[in-house]
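In this text, residue positions in the sequence shown follow our numbering: the first is 15, and each later residue adds one.
These notes concern the structure reproduced below.
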Amino acid sequence: MPAQSSSTVLGRQATESKYRDRFSYDKVTWGSHCIDCYPGNCPYRVYTRNGEIVWEEQAGTLPVIEQGVPDMNPMGCQKGAGWSSTIAGGERLHFPARRVGERGSGKWERISWQQACEEIADGIIDGIQEQGPESMIALSGCNMSTWGVTGRTRFYSLIGGLTTDLNAEMNDFSPGHYLTYGKFDPVSSIDDWFHADVFFIWFSNPAYTRIPHQHYITEARYRGATIVTVAPDYSPSAMHADYYLPVKPGTDAALALGMAATVIEEGLVNEVFVKEQTDLPLLVRDDNQRFLVETDLREDGHPEQFFWLDATTGAIAPAPRDTLALGAVDPALSGSVAVKLKDGSTVTARPVYERAIARLADYTPEKAAEICGIEAATIREIARKVAHGRTKTLGSLNNAGKYYHGDLIERSQLLLLALTGNWGKKGTGVQAWLAALFDGWLMGAAKPAAGPEVTKALYNGYQGFVAGIRAEDPTMTQEMATIEFTKRSANGGKTGWVPPVFLWYNHAGYDKTWNRADWNDADMPRPFDDYYNESLEKGWWAGVPDKNPEPRVFIECGGNALRRTRGGRKMLLTNLWPKLTTIATMDYRMSATALHSDYVLPIAAQYEKISFGIPSTHTLNLTFCDRVIPPIDEAKNEVEIFGLLSKAVASRAKARGLVTYKDATGVERRLDDLYERYSCNDAYPTEDAMADEMIKDTIITGALPEGSSLETVREKGFIRFTGLGMNARALGQASEIEPDSTFTPYRDHVEKKWPYPTLTRRAQFYIDHDWFFEADEQLPRHKDPPKSGGDYPLLITSGHNRWSVHSANIVNKMMLQTHRGEPHLIMNPSDAAARDVVDNEVVEVFNDMGSYRTPLKLSPSAQPGQIIMYNGWEPYQFPNWDGPSDIEPGMIKWLHLAGGYGHLKYWPNQWQPAPACRGTRADVRKVTT
Ligand code: SF4
Numbered sequence: 015m016p017a018q019s020s021s022t023v024l025g026r027q028a029t030e031s032k033y034r035d036r037f038s039y040d041k042v043t044w045g046s047h048c049i050d051c052y053p054g055n056c057p058y059r060v061y062t063r064n065g066e067i068v069w070e071e072q073a074g075t076l077p078v079i080e081q082g083v084p085d086m087n088p089m090g091c092q093k094g095a096g097w098s099s100t101i102a103g104g105e106r107l108h109f110p111a112r113r114v115g116e117r118g119s120g121k122w123e124r125i126s127w128q129q130a131c132e133e134i135a136d137g138i139i140d141g142i143q144e145q146g147p148e149s150m151i152a153l154s155g156c157n158m159s160t161w162g163v164t165g166r167t168r169f170y171s172l173i174g175g176l177t178t179d180l181n182a183e184m185n186d187f188s189p190g191h192y193l194t195y196g197k198f199d200p201v202s203s204i205d206d207w208f209h210a211d212v213f214f215i216w217f218s219n220p221a222y223t224r225i226p227h228q229h230y231i232t233e234a235r236y237r238g239a240t241i242v243t244v245a246p247d248y249s250p251s252a253m254h255a256d257y258y259l260p261v262k263p264g265t266d267a268a269l270a271l272g273m274a275a276t277v278i279e280e281g282l283v284n285e286v287f288v289k290e291q292t293d294l295p296l297l298v299r300d301d302n303q304r305f306l307v308e309t310d311l312r313e314d315g316h317p318e319q320f321f322w323l324d325a326t327t328g329a330i331a332p333a334p335r336d337t338l339a340l341g342a343v344d345p346a347l348s349g350s351v352a353v354k355l356k357d358g359s360t361v362t363a364r365p366v367y368e369r370a371i372a373r374l375a376d377y378t379p380e381k382a383a384e385i386c387g388i389e390a391a392t393i394r395e396i397a398r399k400v401a402h403g404r405t406k407t408l409g410s411l412n413n414a415g416k417y418y419h420g421d422l423i424e425r426s427q428l429l430l431l432a433l434t435g436n437w438g439k440k441g442t443g444v445q446a447w448l449a450a451l452f453d454g455w456l457m458g459a460a461k462p463a464a465g466p467e468v469t470k471a472l473y474n475g476y477q478g479f480v481a482g483i484r485a486e487d488p489t490m491t492q493e494m495a496t497i498e499f500t501k502r503s504a505n506g507g508k509t510g511w512v513p514p515v516f517l518w519y520n521h522a523g524y525d526k527t528w529n530r531a532d533w534n535d536a537d538m539p540r541p542f543d544d545y546y547n548e549s550l551e552k553g554w555w556a557g558v559p560d561k562n563p564e565p566r567v568f569i570e571c572g573g574n575a576l577r578r579t580r581g582g583r584k585m586l587l588t589n590l591w592p593k594l595t596t597i598a599t600m601d602y603r604m605s606a607t608a609l610h611s612d613y614v615l616p617i618a619a620q621y622e623k624i625s626f627g628i629p630s631t632h633t634l635n636l637t638f639c640d641r642v643i644p645p646i647d648e649a650k651n652e653v654e655i656f657g658l659l660s661k662a663v664a665s666r667a668k669a670r671g672l673v674t675y676k677d678a679t680g681v682e683r684r685l686d687d688l689y690e691r692y693s694c695n696d697a698y699p700t701e702d703a704m705a706d707e708m709i710k711d712t713i714i715t716g717a718l719p720e721g722s723s724l725e726t727v728r729e730k731g732f733i734r735f736t737g738l739g740m741n742a743r744a745l746g747q748a749s750e751i752e753p754d755s756t757f758t759p760y761r762d763h764v765e766k767k768w769p770y771p772t773l774t775r776r777a778q779f780y781i782d783h784d785w786f787f788e789a790d791e792q793l794p795r796h797k798d799p800p801k802s803g804g805d806y807p808l809l810i811t812s813g814h815n816r817w818s819v820h821s822a823n824i825v826n827k828m829m830l831q832t833h834r835g836e837p838h839l840i841m842n843p844s845d846a847a848a849r850d851v852v853d854n855e856v857v858e859v860f861n862d863m864g865s866y867r868t869p870l871k872l873s874p875s876a877q878p879g880q881i882i883m884y885n886g887w888e889p890y891q892f893p894n895w896d897g898p899s900d901i902e903p904g905m906i907k908w909l910h911l912a913g914g915y916g917h918l919k920y921w922p923n924q925w926q927p928a929p930a931c932r933g934t935r936a937d938v939r940k941v942t943t
């Protein structure tokens with residue numbers, strides 16, 4: 015072997031020490047990724063040297079919760095492991111800037127924070143003077159940064175501006191869950207997945223979107239669970255399943271109903287569960303198809319007292335309103351009974367269950383197979399497994415609801431689970447999303463002054479209101495009364511947090527789109543506006559945003575309207591933008607919306623400020639992200655920025671003589687002391703102080719254990735929640751958090767027999783509302799997706815891509831290097847051949863709404879007739895900045911404007927119409943110019 019020269023040895027030593035130094039550090043800090051990442055909540059260790067991040071990695075410190083169930087480690091994904099490269103990316107905003115050219119021209123000048131805030135303040139005051147405070151709007155966004163929500167909520171609520179409801183903004187709503195349960199968002203802990211015997215991956219792609227949690231699916235499979243992936247495309251999650259069901263896009267209701275029909279046909283129904291938990295035994299009159307209620311029998315009867323047919327006595331009996339327990343009654347699921355009405359006439363009535371059986375006759379496995387494309391034998395085989403095992407359905411963030419008829423799909427899925435007794439027990443149920451538990455966060459946005467005494471007074475006052483509602487109706491549970499209080503506080507969506515579709519209808523051009531009969535449900539009996547106007551005339555949405563006032567000020571803090579809004583950049587730029595006199599975007603990077611703003615204000619990214627993971631029963635942990643490094647250049651956290659804005663508004667208001675004004679509800683507001691009220695008289699000199707108080711406030715509401723503090727979370731990186739706290743959505747989980755057990759929602763309904771917050775107080779499959787009869791949707795059924803976008807042969811599906819969390823990392827170079835580096839459309843090779851286009855060719859995707867250009871990726875994983883565009887891409891990643899949302903009409907289903915009926919009433923994140931995007935029609939052609 016030749017001797018090595020001294021220079022070679024020295025060179026190798028230098029290389030080695032460089033390699034070893036790469037992993038040397040002088041400080042380690044807890045981190046996570048709280049912006050845009052849900053459910054996330056991965057505890058990370060972030061390593062720094064000389065004040066710079068050198069790397070980050072999964073902590074792996076989460077404990078075993080339930081003996082025999084794997085722990086949650088290692089939680090993390092590639093975006094988290096690369097976050098430090100995102101915060102160092104070229105797209106970061108470093109300084110406040112003001113546009114100097116046309117909006118969207120890309121010409122900016124750097125200005126000071128003071129100048130930016132004063133100019134925006136003048137815009138706000140102009141808007142208040144001209145149109146009123148409701149002319150100031152903001153998206154609630156999915157950037158749930160702790161300080162972003164706190165700052166924006168405090169500022170907007172003090173001024174009287176409007177914030178649009180998150181769930182309609184991005185359609186993460188599950189209308190079918192809501193129709194059935196009176197709440198949309200059951201969420202089990204991720205370790206509860208392990209208990210499933212049958213695990214449906216249905217409207218979900220966890221291999222892309224639930225990377226830290228996917229291992230529970232594999233572990234359940236090792237335990238013996240059957241994994242069933244239902245998706246039109248052979249999705250990246252399909253390879254991890256035992257069964258792959260390539261359902262035709264948008265026909266999932268037929269598949270679920272085919273399985274439900276099998277369960278009935280083969281006598282596999284869990285009758286006790288059905289009788290206790292659902293409305294299926296309740297009597298419906300044959301003459302008018304309405305539930306039999308006590309007011310039918312007696313003048314002084316209760317309008318919401320429903321009846322059963324007692325199989326033992328053959329007589330009708332009232333179904334208790336305060337419990338699901340059957341007591342001495344054995345409710346019949348079939349049969350007919352003659353009932354004498356208060357006017358002396360007699361009608362016959364029969365249980366809903368009989369009507370459901372009649373409906374399911376249209377969905378025998380053979381008939382369902384014709385609709386959904388899955389063989390009848392397979393439908394039967396899976397149905398038997400569902401009936402014999404604990405079945406859980408993972409529907410990632412309510413993708414079913416993103417279809418126009420997603421409510422029907424969800425109601426059909428729930429009917430299958432109801433017939434087989436598959437919720438409220440470990441390893442069962444459906445999944446939606448939840449952001450609650452961390453009550454101190456809400457308190458931080460609402461407290462008029464600092465300190466625990468203020469929190470206790472607010473909490474006690476809140477409980478007093480809830481107790482008052484229970485006193486009005488002692489049959490209500492705490493959950494129901496809290497939901498009722500939340501509905502009353504929401505004020506019908508008139509102020510504060512509002513359902514956005516009314517803003518879009520009146521100010522963004524959607525009135526024309528939604529009135530396109532050919533893009534709507536083919537069975538819609540009347541024009542869209544008939545329903546829209548009727549819903550307002552009947553007061554179902556009284557007071558929601560109207561034509562006046564016109565929007566004037568738009569502050570984007572946490573959202574990205576021009577990327578994400580269905581209907582797209584062009585709809586907003588054409589219709590809404592000209593009405594806006596001041597547009598300011600707070601972001602850590604240049605987004606599509608920032609590019610079209612008047613001002614961009616740089617915010618500190620995670621690791622540059624304190625933040626907490628979006629709190630949820632998914633992991634049941636309050637996850638902490640510390641301030642690892644100082645904010646880049648002049649970036650600030652959002653609480654600080656809204657503080658500067660509050661000072662500027664107060665100062666400019668005084669200078670301009672606008673001290674007080676009234677909002678639309680007649681409440682007088684004032685501006686001269688805005689900063690003092692916003693900051694609780696400077697009660698929180700540091701973000702540490704505010705974070706500590708939020709944690710301690712959450713102890714008061716019972717969601718965090720005694721002794722919790724910023725110090726304790728800083729030590730461990732997370733704290734496990736011990737209670738659901740005070741929030742209606744959290745209480746809607748209807749289950750106790752136990753220290754040594756996985757979490758399953760709705761156990762209180764199933765084990766304690768607590769009623770549901772629906773009209774019938776049961777999981778409700780029969781909706782006897784006039785409009786539901788018009789639609790023939792009083793019971794679940796299948797309807798084809800309408801031809802939204804025009805009569806085109808291809809149907810667009812979507813989902814989150816693998817390389818970003820929403821859009822947060824979508825321009826991160828490291829992530830881009832892990833794929834083609836740009837957006838692409840996935841298409842079946844046969845469809846491509848028919849259009850004479852080839853792999854990687856830039857094509858035009860078009861329909862009646864518009865078009866955009868993108869490279870093709872040919873893959874047999876897509877069905878013929880299906881095209882897949884994963885979302886999150888910024889419009890500026892496409893030629894001419896036209897992106898996928900520009901061809902999505904964002905249709906809303908007219909039926910979701912229904913109200914005046916039991917639980918069909920708005921409250922934040924709950925019942926409201928939300929624009930659809932899945933199933934939009936389009937075609938693809940060669941680019942010739
Ligand atoms: Fe976990 Fe989200 Fe961070 Fe990925 S980005 S590691 S999922 S918190």
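All C-beta atoms in this analysis are idealised placements derived from N, C-alpha and C, irrespective of residue type, glycine included.
Please report the residue range of the beta strand (DSSP E) in which residue i lies.
i, result
"tyrosine 257", "257 to 259"
"phenylalanine 208", "That residue, phenylalanine 208, is in no beta strand (DSSP E); it is neither H nor E in DSSP."
"tyrosine 675", "674 to 676"
"leucine 870", "865 to 872"
"glutamate 858", "856 to 860"
"leucine 738", "Counting along the chain, leucine 738 falls outside any beta strand (DSSP E), and DSSP gives it neither H nor E."
"phenylalanine 638", "635 to 639"
"leucine 176", "176 to 178"
For residue i, report the span of its alpha helix (DSSP H) as first-last.
i, result
"proline 379", "379 to 386"
"valine 366", "366 to 374"
"cysteine 571", "Note, cysteine 571: premise wrong, no alpha helix (DSSP H); beta strand (DSSP E) at 567 to 571."
"leucine 323", "Per DSSP, leucine 323 belongs to no alpha helix (DSSP H); it is in the beta strand (DSSP E), 321 to 323."
"isoleucine 79", "Per DSSP, isoleucine 79 belongs to no alpha helix (DSSP H) and is neither H nor E."
"proline 220", "220 to 223"
"leucine 466", "The question names leucine, but residue 466 in the sequence shown is proline. First-last of the alpha helix (DSSP H) with proline 466: 466 to 486."
If you drop the 5 nearest sequence neighbours on each side, which residues of the same chain put their C-beta closer than 8 Å to that of residue i?
i, result
"glutamate 380", "Ala390"
"glutamine 620", "Gly45, Ser46, His47, Cys48, Ile49, Trp97, Ile101, Ser159 and Cys639"
"leucine 517", "Ile151, Leu176, Thr178, Pro559 and Pro565"
"aspartate 702", "Ile624 and Leu724"
Ordered along the chain, which non-local residues of its own chain (more than five positions away) have a Cβ less than 7 Å from that of residue i?
i, result
"asparagine 826", "Gly96, Ser99, Thr100 and Gly103"
"arginine 12", "Within the shown structure, residues of the chain are numbered from 15 to 943, placing residue 12 beyond reach of any answer."
Got a sec? Which residues, its chain only, sit under 6 Å from residue i by beta carbon, not counting five neighbours each side?
i, result
"threonine 240", "Val212, Asp256 and Lys399"
"methionine 15", "Confidence at methionine 15 is low in this model, with a pLDDT of 44, below 50, so the placement of that residue should be treated as unreliable; the coordinate-derived value is given next. Hits under 6 Å: none found."
"alanine 210", "Ala234, Ala239, Arg404, Lys406 and Gly441"
"glutamate 707", "none"
Tell me, to the nearest whole angstrom, how far the beta carbon of residue i is from that of residue j; I am working on the premise that it is less than 8 Å.
i, j, result
"alanine 571", "arginine 112", "At residue 571 the sequence reads cysteine, which differs from the alanine that was named. At roughly 17 Å, the Cβ-Cβ gap does not stay under 8 Å, so cysteine 571 and arginine 112 are not in contact."
"arginine 691", "glycine 174", "That belief does not hold up - the Cβ atoms of arginine 691 and glycine 174 are roughly 13 Å apart, past 8 Å."
"histidine 254", "threonine 232", "7 Å"
"lysine 797", "leucine 422", "6 Å"
Hey, is the segment 906 to 917 in contact with the segment 601 to 611, meaning 3+ C-beta pairs nearer than 8 Å?
Between the segment 906 to 917 and the segment 601 to 611, the count of C-beta pairs closer than 8 Å stays below three; the two stretches do not touch.
Count Cβ pairs between the segment 214 to 233 and the segment 837 to 854 that sit closer than 8 Å; are there 3 or more?
Judged by Cβ distances under 8 Å, the segment 214 to 233 makes no contact with the segment 837 to 854, as fewer than three pairs qualify.
Runs of beta strand (DSSP E) lying entirely within the segment 772 to 855, each at least 3 residues, in chain order:
Within the segment 772 to 855, the runs of beta strand (DSSP E) that reach at least 3 residues and sit entirely inside it are, in chain order, 808 to 811 and 839 to 841.
Any chance you could list the beta strand (DSSP E) runs of at least 3 consecutive residues sitting entirely within the segment 280 to 363, in chain order?
If we require 3 residues or more, the beta strand (DSSP E) runs fully inside the segment 280 to 363 come out as 297 to 299, 321 to 323, 330 to 332 and 351 to 354.
Any contact of the segment 851 to 859 with the segment 930 to 941, i.e. 3+ C-beta pairs under 8 Å?
Under the 8 Å Cβ criterion, the segment 851 to 859 counts as touching the segment 930 to 941, having at least three qualifying pairs.
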